[in-house]
Amino acid sequence: IQDYMGRQHNMKVGERTSELIKISVGSVLTELANPPEDFIVQGPNRMTSLPI
Numbered sequence: 012i013q014d015y016m017g018r019q020h021n022m023k024v025g026e027r028t029s030e031l032i033k034i035s036v037g038s039v040l041t042e043l044a045n046p047p048e049d050f051i052v053q054g055p056n057r058m059t060s061l062p063i
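Mapping the sequence shown onto the working numbering, position 8 (from 1) lands on 19, and the numbers just tick up by one.
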């Protein structure tokens with residue numbers, strides 16, 4: 012999750028945040044019968060260190 016957020020969104024997330032995402036969302040599949048709600052993530056931009 013940390014690598015994905017860095018590559019796809021240019022955002023740095025810590026171990027705790029990535030664990031919360033994993034527990035809350037629980038799946039990366041998009042074709043679920045009951046998909047999880049969106050999860051809002053905040054963190055610094057990897058290039059500028061400004062918050063996103």
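Note that beta-carbon positions come from the ideal geometry of N, C-alpha and C, so glycine has one too.
Secondary-structure assignment with DSSP links Met22 through a beta bridge to Asn56. Distance from the Cα of Leu31 is smallest, within the candidate group Asp49, Gln19, Pro62, for Asp49. Contact between Ser35 and Gln13 does not hold, since the beta-carbon distance rounds to 15 angstroms and is not under 8 angstroms. For Leu61, the closest C-alpha among the options Val52, Gly17, Met22, Met16 is that of Met22.
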